[in-house]
Structures are given as C-alpha cells and as structure tokens.
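S.K.: Using my numbering, read the sequence shown as starting at 2 and increasing by one per residue.
What follows is a single structure, and I will ask about it in a moment.
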Amino acid sequence: MTYSTLSLTLIFVFIPFILSKTLKLGLEKDITIATVRSVIQLLVIGYVLHFIFQTESLIYILLMITVMIVAATLNARKKGVGIPGITWKIAVTLITVEVVTQGVLLGLNIVPATPQYIIPISGMMIGNAMVLSILFLNRFRAELEANEDEIELILSLGGTPKQAVHRHLISAIKASMIPTIEAQKTIGLVQLPGMMSGQIIGGADPIQAVQFQILIIFALLTCATLASIILGFLVYPTLFNERMQRIDVLKN
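See the structure below:
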C-alpha cells in the first residue's frame, strides 16, 4: 500500500466528522486529535520497530517493552486516583503479566526469541492488561460505593477488611474478565481477530494465521485473569487504615 492509497482511507475519518458536525455531537475536535495522534504515533512506532527488527538488540527490545509498560501504567492509573501506591500496583500487575506470558512462550520455545514476535505479543498482552485494570478499577469503585453500608456493617460487627469486601472484590474481578471470555466464545464466528486478519492480508496461510491467533487468545485469557486478580488483591488492603476502618480513597 502506498501513502497516496492510504490517504484515501481518510474518508473513514470524514464520515464521522461530518455526521458529528451535522448532528451537533461536538466530537469534531476529539476526532481530529485522535486521527492526528494515531497517524503520528503509528508512523513513529513503525520506524522504531523497523530499526529494532534490523538490530535485534536485547537492550532495544527491553527498552521498547519498558516504554509500553510505563505508558500503560500512566494511562490506567487515572482510574485509581486517590489509591495510595496505585502507580506501582498497576506497574507490578503489568510486569507480572508480561513476565508470565513471555516466560511461557519463550521458555517452551512456542515462539522464536526475536523482536518480530516478542514486541507485538508484548504489546497485545500489556495493552489487554491495561484495559482489564481500568475495567476492574471502574467496577470495584462502583461495587464499593453501592455497598458502602454493608461494608461498614461487617466492619462494625468485627469483620476483617477482607471479609467486608471479599464478595465485591470477586464480583469486580469476574466482571472485568467477562469481556475477554465472551469475546473468545464468538471468535471466528462474529469476527475475525485483527492479528489473524493482518496475517491473511499479508499473504500468510490461513491455517497458520489461525494457529497464531489461538496462541494469542489463550495467552489473553491468562492475561485477563492475572491482571484482575493481582491488581484486586494489591488494591483492596489500601482501602483500610491500621484500625481496620474504611478509607474513602475511591471517591477522590
């Protein structure tokens, strides 16, 4: 695809832009910013990856993964404003997901230890873990606010912080995992995943593309589980002080 051909796809930007303006949705600025940022960011990362793939330097691979984790952490922590140490809690969650998934894939020689495999898969795992962290924090906040009286009652009756929030913690973990599980139930029927479609468009054998996609969806399932559970059990103790009293950090 040439840049002149690529420019024709701007019609997909003009359509929502015009509709937003016509219906007075007020999204024109956001659409413009999102378009410009996505183009710049993708072009920059394209040239960066081209350089890394040529050098195959471990240092550059680790640096790229570090940048992904930092960017994902800074984005996800916005949903945890007020929670002490939320930045490092999210960072630990993302790092754990990355280490576990890549440890299995590379340790068992499922994929080659090359930047062409490590970086894209890391991006998918870290990005998914970031989304799961945001979903969890949103749901956990809602659960705590909706059941505040119940939590206070359990604490007043001598219950521990874990007993007070356990049901709501589990509910938030399950709710944040549901989108990943439900998406896997209909994969291949309702949609053809981006990775598989990209490989097929690039000329890869459909069977091989499917095999790689299966690898990814299995890894994403572990990613979803680890992200929700680790972040959940790191966050909930922060909601209570040393006297086992609840702190309304999630309302800040």
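Note that the Cβ used here is the ideal one computed from N, Cα and C, for glycine as well.
Please list, in chain order, all residues of the same chain as residue 139 whose beta carbon is under 7 Å from its beta carbon, the five residues on each side excluded.
M.R.: In the sequence shown, counting from the first residue as 1, residue 139 sits at position 138. Cβ neighbours of residue 139 beyond the five flanking positions: 80.
S.K.: Which of the three DSSP states is assigned to residue 91 in this structure?
M.R.: Residue mapping note: residue 91 aligns to position 90 of the sequence shown, counting from 1. Three-state DSSP puts residue 91 in a helix.
S.K.: Going by other Cβ atoms of all chains shown within 10 Å of its Cβ, with 16 needed for buried, is residue 253 buried or exposed?
M.R.: By one-based count along the sequence shown, residue 253 stands at place 252. Residue confidence for residue 253 is low, a pLDDT of 48 falling below 50, so the modelled location carries little weight; the figure read from the coordinates is stated next. Exposed: under 16 other Cβ atoms inside 10 Å.
S.K.: Out of 240, 204, 7, which one is the CA nearest neighbour of residue 165?
M.R.: Translated into positions along the sequence shown, residue 165 becomes position 164. Of the listed residues, the one whose Cα sits closest to residue 165 is 240.
S.K.: First and last residue of the alpha helix (DSSP H) that includes residue 67?
M.R.: Indexing the sequence shown from 1 puts residue 67 at position 66. First-last of the alpha helix (DSSP H) with residue 67: 59-77.
S.K.: Buried or exposed: which applies to residue 251, given that a residue is buried once 16 or more other Cβ atoms fall within 10 Å of its Cβ?
M.R.: Here residue 251 is taken as the residue at index 250 of the sequence shown, counted from 1. Summary for residue 251: the model assigns pLDDT 48, below 50, so the residue's position carries little reliability, and this model does not support an answer.
S.K.: What does the Cβ neighbour count give for residue 51, buried or exposed, with the cut at 16 atoms within 10 Å?
M.R.: Taking the sequence shown and counting its residues from 1, one reaches residue 51 at position 50. Residue 51 should be labelled exposed.
S.K.: So, helix, strand or coil for residue 253, using DSSP?
M.R.: If you number the sequence shown from 1, residue 253 lands on position 252. Confidence at residue 253 is low in this model, with a pLDDT of 48, below 50, so its placement is unreliable and the value that follows should be read with caution. Of the three classes helix, strand and coil, the one that applies to residue 253 here is coil, per DSSP.
S.K.: Taking residue 69 as the reference, give the member of 198, 122, 110, 194 with the closest Cα.
M.R.: Looking up residue 69 in the sequence shown gives position 68. Here the closest residue by C-alpha is 122.
S.K.: Please say whether residue 94 and residue 231 have beta carbons closer to each other than 9 Å?
M.R.: If you number the sequence shown from 1, residue 231 lands on position 230. If you number the sequence shown from 1, residue 94 lands on position 93. Going by C-beta atoms, residue 231 is nearer than 9 Å to residue 94.
S.K.: Answer with buried or exposed for residue 30, where buried requires no fewer than 16 other C-beta atoms within 10 angstroms of its C-beta.
M.R.: Locating residue 30 in the sequence shown gives position 29, where the first residue counts as 1. Exposed, since its Cβ has fewer than 16 Cβ neighbours within 10 Å.
S.K.: Grouping DSSP H, G and I as helix and E and B as strand, with all else coil, what is residue 121?
M.R.: Locating residue 121 in the sequence shown gives position 120, counting from the first residue. Residue 121 falls in the helix class under three-state DSSP.
S.K.: So, under 8 Å CB-CB, residue 137 and residue 177 are touching, yes? Tell me the CB distance rounded to an integer number of Å.
M.R.: For the purposes of this step, residue 137 is taken as the residue at position 136 of the sequence shown. For the purposes of this step, residue 177 is taken as the residue at position 176 of the sequence shown. That belief holds up - the Cβ atoms of residue 137 and residue 177 are roughly 4 Å apart, short of 8 Å.
S.K.: I'd like to know whether the C-beta atoms of residue 127 and residue 218 end up nearer to each other than 9 Å.
M.R.: Translated into positions along the sequence shown, residue 127 becomes position 126. Translated into positions along the sequence shown, residue 218 becomes position 217. Cβ atoms of residue 127 and residue 218: not closer than 9 Å.
S.K.: Should residue 38 be labelled buried (16 or more other beta-carbon atoms within 10 Å of its own) or exposed?
M.R.: As a position in the sequence shown, residue 38 is number 37, starting the count at 1. Classification for residue 38: exposed.
S.K.: My understanding is that residue 134 touches residue 228, with C-beta atoms under 8 Å, so please give their C-beta distance in whole angstroms.
M.R.: Your numbering for residue 134 matches position 133 in the sequence shown. Your numbering for residue 228 matches position 227 in the sequence shown. With a Cβ gap of about 6 Å, residue 134 and residue 228 count as contacting.
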